[in-house]
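Residue numbers (the working numbering), protein chains in the order written: chain B, 1 to 545; chain X, 546 to 823. We treat Cβ as the ideally placed atom computed from N, Cα and C, and that holds for glycine. Only a predicted model underlies this, so the values are computations on that prediction, with no experimental measurement involved.
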Amino acid sequence: MKQSIVCDGEQLRDMFAAGSAWLEKSVPDINAINVFPVPDGDTGTNMFLTMCAVMEEADRVADRNVAAMARAMAQGALMGARGNSGVILSQFFRGLARGVDGKESINGGDWAAALNEASRTAYKGLSQPVEGTMLTVIREAAKAAEEAAATNPEDIISITEAAVKAAKESVARTPLLLPVLREAGVVDAGGQGIYVLLEGVLYYLKGELEGMKYRRPELVTSGLAGSAIISGISDETEEAYGYCTNFLLEGNKLNPDRIRRRLERKGKSVVVVGDENTVRVHIHTYDPGGVIRYATSLGTLHQLQIQNMDDQHVSFLEMQQERASKLEIGIVAVVSGEGLIEVFRSLGAAAIVPGGQTMNPSVEEILRAVESVPSPRVIVLPNNKNIVPAATQVQSLTSKEVVVVPSKTIPQGVAALIAFNYEGTLEENVRAMEAAMCAVKTVEITHAVRNTQIKGVKVKEGQAIAILDDSDLVAAADDVNEALLEALERVGVESAEVITLYHGNGIEISKTEQVVAELRNRYPEKQIESVFGGQPHYYYIVSLE
Amino acid sequence: MVKIVTDSGSDITPELARELDIAVVPLYLAFGEKTYRDGVDISADEFYARLVNEHVHPTTSAPSPGDFASVYRELAADNDEIISIHISKKLSATYDAALGGKEQLAGTKCRIEVVDSQSVTTGLGLIVIAAAQAAARGSSLKQVLEVVQKATRQVRLVGLLDTLRYLAKGGRLGKAASLLGAMLNVKALLILKDGEIHPLGVVRTLEKGLDRLCESARAMTDIQDVGLGYSTPTDGLQKLAERLRSLLPHIHPRVLRIGPALGVHGGPGALILALRGE
């Protein structure tokens with residue numbers, strides 16, 4: 001049976017009242033996927049508030065005349081528009097009002113024509129219309145309505161159905177049109193809002209308002225790879241942890257049980273299976289380099305795969321970070337210790353190569369990091385004198401312009417990174433970073449591996465020792481904190497403004513707190529900071545700037 | 546006379562607005578459900594106290610096209626020419642909303658020019674001030690527009706944020722995102738370029754931060770006007786003012802309070818140096 005409905009003003013109002021109610025339920029979802037034009041997570045809120053203003057104005061109209069109602073709604077949108085999406089909605093309603101101007105009531109064909117007028121007006125309202133946004137969704141929905149109306153102008157329900165279907169498909173395509181959405185793995189938030197609004201209108205027309213009560217609008221997904229945020233993170237039960245590392249180890253007299261026990265100390269989700277000639281290894285670790293070095297000491301590696309699992313758990317902000325980091329100059333740093341890695345990342349290092357004292361990364365590992373950075377120019381911070389040669393070799397292996405700023409310690413690397421000027425040229429930055437690197441003093445606290453005597457300082461095996469700038473032994477003591485305090489007295493802290501203490505894996509937090517309190521007590525005029533470095537080998541790495 | 550309109554993102558104070566006859570359309574600011582008009586319903590002091598102490602992070606939104614239309618309509622009663630200068634459209638919907646408001650007055654005899662300043666806060670403020678001064682001299686619409694366009698090209702804006710936390714919360718980090726969530730206690734230097742916020746670098750101490758801000762002043766010749774923006778009163782503001790006095794003895798910097806609309810992103814302790822060259 002053909003359904004022939006003619007809408008007057010009151011019905012137009014109730015259509016959009018249902019649309020707004022449906023939209024309200026989708027507000028948190030829409031906010032969550034809001035990355036364009038500004039990822040501030042308020043598109044859903046803005047659209048809903050704008051619709052509230054529309055409906056408030058609509059409720060004041062006493063007239064059953066559809067033109068008067070649409071005019072009032074347009075006025076409401078105009079005054080109440082919030083944010084970019086609100087501005088577009090206000091144009092939408094303005095066009096809608098223009099489309100039904102002079103009419104007492106409308107049929108399906110009029111409705112389709114009004115939607116098209118709304119679409120045209122929305123485009124005209126923006127200084128720079130962008131495709132892949134709610135504009136596209138409005139246009140494609142209106143076009144589908146027009147096509148449906150051409151075959152059956154009386155049937156407002158099937159016309160609206162066609163519009164809703166087209167809107168949904170259009171939303172799913174938005175990531176194809178707008179790279180920002182593609183990178184973030186989401187559909188356009190404003191487009192999603194339009195789809196939900198029209199779907200609410202359709203529910204009203206079909207008389208299915210009851211059904212809306214217990215349901216929620218669907219969040220359209222793009223079906224593109226990378227839409228992990230919406231579809232939820234992978235359902236594997238393994239705990240996400242650093243790098244997922246897989247390889248096949250071939251050798252003689254391999255002992256899978258012993259390998260497993262050893263690897264269990266290096267990470268989580270460890271799976272080791274095989275026999276004495278071939279062992280398959282799977283491990284989640286923060287230090288894939290360490291795992292691989294251990295494995296290569298036993299045999300040869302095959303089918304090696306290392307994946308950063310954080311990549312699968314990327315949050316919005318991190319994605320923005322990736323998107324934003326396409327800078328002219330990228331920085332690669334060699335660092336170990338989860339805290340220190342975080343420090344380098346947070347200061348703008350584009351890639352981290354795991355490594356440091358006693359675990360020097362290969363030329364190839366550094367090269368891979370250099371290649372992974374999306375910048376044509378790369379500065380490498382080796383942060384260890386034994387790694388400088390490998391880093392230097394990378395220069396001849398890549399088409400990128402690579403400069404090694406030869407930082408020998410972590411504090412030198414941090415100081416160099418802080419001196420980076422985003423507006424500067426490569427040469428200017430290298431100069432500034434080298435100067436900053438030389439202005440910092442480093443004290444590292446570790447323990448002596450044997451009895452010795454250096455420059456008159458007697459050292460017993462197991463004692464805590466302090467090393468200045470990676471070369472001179474400046475203090476030795478039975479207690480770690482004592483060694484640090486003594487070293488700072490010897491080195492002299494007068495010229496330093498900031499003392500930063502990176503505490504490592506091998507030291508208890510209460511011990512660190514003690515020494516920080518003592519430092520504040522001894523040097524009240526200095527800015528003293530304590531940061532978790534998580535580094536192996538060194539109890540403390542101290543920077544004097 | 547040409548009438549100058551801007552939005553509260555320019556941080557033009559009510560006194561300046563009165564003195565230079567500038568109409569300021571407020572942006573909106575929402576703490577959860579409650580909405581305020583920037584600078585009208587909520588003072589800067591009240592705002593920063595709430596920003597720091599409350600769990601709800603406030604959001605800002607542009608004035609509606611209707612807000613602009615009513616301001617334009619009111620002005621059109623006595624004026625035939627309006628220049629409306631707004632926050633960089635890459636940062637806010639304000640410019641598009643103003644265009645929407647202008648459309649409402651299509652067909653009236655009042656001519657309205659809406660301009661994207663490609664700037665914000667104190668930088669936008671300096672552009673608006675230059676426009677208002679030209680208008681007060683009796684310049685024509687075309688002449689004032691030329692002044693605005695020139696000023697837009699010549700305003701340099703650098704900022705020193707005590708923390709990046711608020712910028713990150715509001716999603717306005719843009720290209721500065723690579724500095725996100727610095728673990729060390731660093732202050733971030735930002736620069737406005739092509740209407741967007743870019744990172745300039747980080748520093749460990751206030752003094753070094755002020756050095757870098759002053760470098761910008763030193764790198765520029767023929768400085769005509771200087772704006773000094775601050776969110777909350779700090780030592781930094783005093784020290785920067787002193788340094789500028791010795792650096793640019795012939796210029797009296799305009800000290801402007803960074804209002805809620807931008808303070809949402811800058812947070813407390815933020816400093817902005819805006820310089821307008823010739």
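- Task: Using 10 angstroms around the beta-carbon of residue 794 of chain X, count the other beta-carbons present and answer buried if the total reaches 16, otherwise exposed.
- Result: Translated into positions along the second sequence, residue 794 of chain X becomes position 249. When all chains shown are included, residue 794 of chain X counts as exposed.
- Task: Look at residue 777 of chain X and residue 813 of chain X and say whether their C-beta atoms are less than 7 Å apart.
- Result: One-based indexing of the second sequence puts residue 777 of chain X at position 232. One-based indexing of the second sequence puts residue 813 of chain X at position 268. Taking 7 Å as the Cβ cut-off, residue 777 of chain X and residue 813 of chain X qualify as a contacting pair.
- Message: I'd like the list of long-range same chain contacts for residue 114 of chain B, defined as Cβ closer than 6 Å, with 5 residues on each side in sequence excluded.
- Response: Here residue 114 of chain B is taken as the residue at index 114 of the first sequence, counted from 1. Around residue 114 of chain B: 96, 99, 100.
- Query: Along the chain, where does the beta strand (DSSP E) that runs through residue 395 of chain B open and close?
  - Reply: For this step, residue 395 of chain B is matched to residue 395 along the first sequence. Here residue 395 of chain B belongs to no beta strand (DSSP E), and DSSP marks it neither H nor E.
- Query: Who are the near neighbours of residue 276 of chain B in its chain, counting only those whose CB is closer than 6 Å to its CB and skipping five residues on each side?
  - Reply: On the first sequence, position 276 is the one that residue 276 of chain B refers to. The residues are 253, 254.
- Item | Min CB distance residue 744 of chain X to chain B below 7 Å | By 1-based counting over the second sequence, the position of residue 744 of chain X is 199. Yes - at least one Cβ of chain B is within 7 Å of the one on residue 744 of chain X.
- For residue 71 of chain B, the nearest candidate out of B:180, B:505, B:103 (CA to CA): As a working note, residue 71 of chain B is residue 71 in the first sequence. Measuring from the Cα of residue 71 of chain B, the nearest candidate turns out to be B:103.
- Message: Taking the straight line between their C-alpha atoms, what separation do you get for residue 466 of chain B and residue 542 of chain B?
- Response: The residue you call residue 466 of chain B lines up with position 466 of the first sequence. The residue you call residue 542 of chain B lines up with position 542 of the first sequence. Between residue 466 of chain B and residue 542 of chain B, the C-alpha separation is close to 10 Å.
- Using 8 Å as the Cβ pair cut-off and three pairs as the minimum, do the region 651 to 671 of chain X and the region 625 to 632 of chain X touch? yes
- Query: Who are the near neighbours of residue 597 of chain X in its chain, counting only those whose CB is closer than 7 Å to its CB and skipping five residues on each side?
  - Reply: If you number the second sequence from 1, residue 597 of chain X lands on position 52. These residues qualify, in order along the chain: 813.
- Output yes if chain X places a C-beta closer than 7 Å to the C-beta of residue 481 of chain B; else output no. The residue labelled residue 481 of chain B in the question sits at position 481 within the first sequence. Chain X, which has no Cβ nearer than 7 Å to the Cβ of residue 481 of chain B, makes this no.
- Task: Locate the beta strand (DSSP E) running through residue 628 of chain X, then write down its first and last residues.
- Result: Residue mapping note: residue 628 of chain X aligns to position 83 of the second sequence, counting from 1. Looking at the DSSP string, the run of the beta strand (DSSP E) that includes residue 628 of chain X is 626 to 631.
- Message: Quick check: what's the CA-CA separation for residue 341 of chain B versus residue 195 of chain B?
- Response: Along the first sequence, one-based indexing puts residue 341 of chain B at 341. Along the first sequence, one-based indexing puts residue 195 of chain B at 195. Distance between the alpha carbons of residue 341 of chain B and residue 195 of chain B: 43 Å.
- Just checking my contact of residue 697 of chain X with residue 554 of chain X at CB under 8 Å: how many whole Å lie between their CB atoms? Residue numbering aside, residue 697 of chain X sits at position 152 when the second sequence is read from its first letter. Residue numbering aside, residue 554 of chain X sits at position 9 when the second sequence is read from its first letter. About 15 Å; that fails the 8 Å criterion.
- alpha helix (DSSP H) segment containing residue 92 of chain B, residue limits: The residue given as residue 92 of chain B occupies position 92 in the first sequence. Segment 83 to 99, the alpha helix (DSSP H) holding residue 92 of chain B.
- Got a sec: is the Cβ-Cβ distance from residue 546 of chain B to anything in chain X below 7 Å? Outside the modelled stretch of chain B, which goes from 1 to 545, sits residue 546 of chain B, for which no answer is possible.
- Query: Just to confirm, are residue 468 of chain B and residue 493 of chain B a CB contact at a threshold of 7 Å?
  - Reply: Residue mapping note: residue 468 of chain B aligns to position 468 of the first sequence, counting from 1. Residue mapping note: residue 493 of chain B aligns to position 493 of the first sequence, counting from 1. Contact: no.
- Flag this pair as yes or no: are the beta carbons of residue 445 of chain B and residue 523 of chain B separated by less than 7 Å? Walking along the first sequence from the start, residue 445 of chain B turns up at place 445. Walking along the first sequence from the start, residue 523 of chain B turns up at place 523. Against a cut-off of 7 Å, the Cβ pair of residue 523 of chain B and residue 445 of chain B comes out as no contact.
- Going along the chain, which unbroken runs of the beta strand (DSSP E) with 3 or more residues stay wholly within the region 630 to 692 of chain X? 656 to 661
- Item | Per-residue contacts from residue 91 of chain B into chain X (C-beta, under 8 Å) | In the first sequence, counting from the first residue as 1, residue 91 of chain B sits at position 91. Those are 645, listed as they occur along chain X.
- C-alpha distance - residue 556 of chain X paired with residue 290 of chain B, whole-angstrom precision: By 1-based counting over the second sequence, the position of residue 556 of chain X is 11. By 1-based counting over the first sequence, the position of residue 290 of chain B is 290. When rounded, the distance between both Cα atoms is 55 Å.
- Task: Kindly list, in the order they appear in chain D, the residues whose Cβ is closer than 8 Å to that of residue 628 of chain X.
- Result: Considering every chain present, this structure includes no chain D. Its protein chains are B and X.
- Query: Are there 16 or more other CB atoms within 10 angstroms of the CB of residue 438 of chain B, so buried, or fewer, so exposed?
  - Reply: Here residue 438 of chain B is taken as the residue at index 438 of the first sequence, counted from 1. With fewer than 16 other Cβ atoms within 10 Å, it is exposed.
- Message: Less than 6 Å between C-beta atoms, sequence neighbours within five positions excluded: which residues of the same chain meet that for residue 349 of chain B?
- Response: Walking along the first sequence from the start, residue 349 of chain B turns up at place 349. Same-chain partners within the cutoff: 331, 333.
- Query: What residue from X:816, X:804, X:821, X:820 has the CA that sits closest to residue 590 of chain X's CA?
  - Reply: Here residue 590 of chain X refers to the residue found at position 45 of the second sequence. That would be X:804, whose Cα lies nearest to the Cα of residue 590 of chain X.
- Item | 7 Å Cβ cutoff met for residue 473 of chain B and residue 515 of chain B | In the first sequence, the residue the question calls residue 473 of chain B occupies position 473. In the first sequence, the residue the question calls residue 515 of chain B occupies position 515. No, Cβ-Cβ distance for residue 473 of chain B and residue 515 of chain B is not below 7 Å.
- Task: Given a cut-off of 7 Å, decide if residue 189 of chain B and residue 43 of chain B are closer than it, judged by their beta-carbon atoms.
- Result: Indexing the first sequence from 1 puts residue 43 of chain B at position 43. Indexing the first sequence from 1 puts residue 189 of chain B at position 189. Going by C-beta atoms, residue 43 of chain B is nearer than 7 Å to residue 189 of chain B.
- Check whether the Cβ of residue 126 of chain B lies closer than 7 Å to any Cβ atom in chain X. As a first step, residue 126 of chain B must be located in the first sequence, where it is residue number 126. Yes, residue 126 of chain B counts as interfacial toward chain X.
- Task: Identify which residue in X:571, X:562, X:550 has its Cα closest to the Cα of residue 617 of chain X.
- Result: For this step, residue 617 of chain X is matched to residue 72 along the second sequence. Ranking X:571, X:562, X:550 by Cα distance to residue 617 of chain X puts X:550 first.
- Query: Looking at the structure shown, is residue 733 of chain X part of a helix, part of a strand, or coil, going by DSSP?
  - Reply: Residue mapping note: residue 733 of chain X aligns to position 188 of the second sequence, counting from 1. Residue 733 of chain X: strand per DSSP, three-state reduction.
- Measuring alpha carbon to alpha carbon, tell me which of B:175, B:259, B:381 ends up nearest residue 434 of chain B. Within the first sequence, numbered from 1, the residue matching residue 434 of chain B stands at position 434. Of the candidates B:175, B:259, B:381, the one whose C-alpha sits nearest the C-alpha of residue 434 of chain B is B:381.
- Cβ-Cβ distance between residue 119 of chain B and residue 7 of chain B below 7 Å: Working through the first sequence from its first residue, we reach residue 119 of chain B at position 119. Working through the first sequence from its first residue, we reach residue 7 of chain B at position 7. Not in contact: residue 119 of chain B and residue 7 of chain B (Cβ atoms no closer than 7 Å).
- Classify residue 315 of chain B as buried or exposed, calling it buried when 16 or more other Cβ atoms lie within 10 Å of its own Cβ. Locating residue 315 of chain B in the first sequence gives position 315, where the first residue counts as 1. In this prediction, residue 315 of chain B scores a pLDDT of 38, lower than 50, which makes its location untrustworthy; the coordinate-derived value is nonetheless stated afterwards. By the neighbour-count rule (16 or more Cβ atoms within 10 Å), residue 315 of chain B is not buried but exposed.
- Message: Quick check: the Cα distance between residue 806 of chain X and residue 602 of chain X, rounded to an integer number of angstroms?
- Response: As a working mapping, residue 806 of chain X is identified with position 261 in the second sequence. As a working mapping, residue 602 of chain X is identified with position 57 in the second sequence. Those two C-alpha atoms are separated by around 13 Å.
- Task: Anything in chain X within Cβ reach of residue 562 of chain B, meaning under 7 Å, just list it in chain order.
- Result: Lying outside 1 to 545, the shown extent of chain B, residue 562 of chain B is not represented and no answer is given.
- Write down the C-beta distance between residue 581 of chain X and residue 587 of chain X rounded to the nearest angstrom, noting that I regard them as a contact closer than 8 Å. Counting from 1 along the second sequence, the entry for residue 581 of chain X is found at position 36. Counting from 1 along the second sequence, the entry for residue 587 of chain X is found at position 42. About 4 Å; that satisfies the 8 Å criterion.
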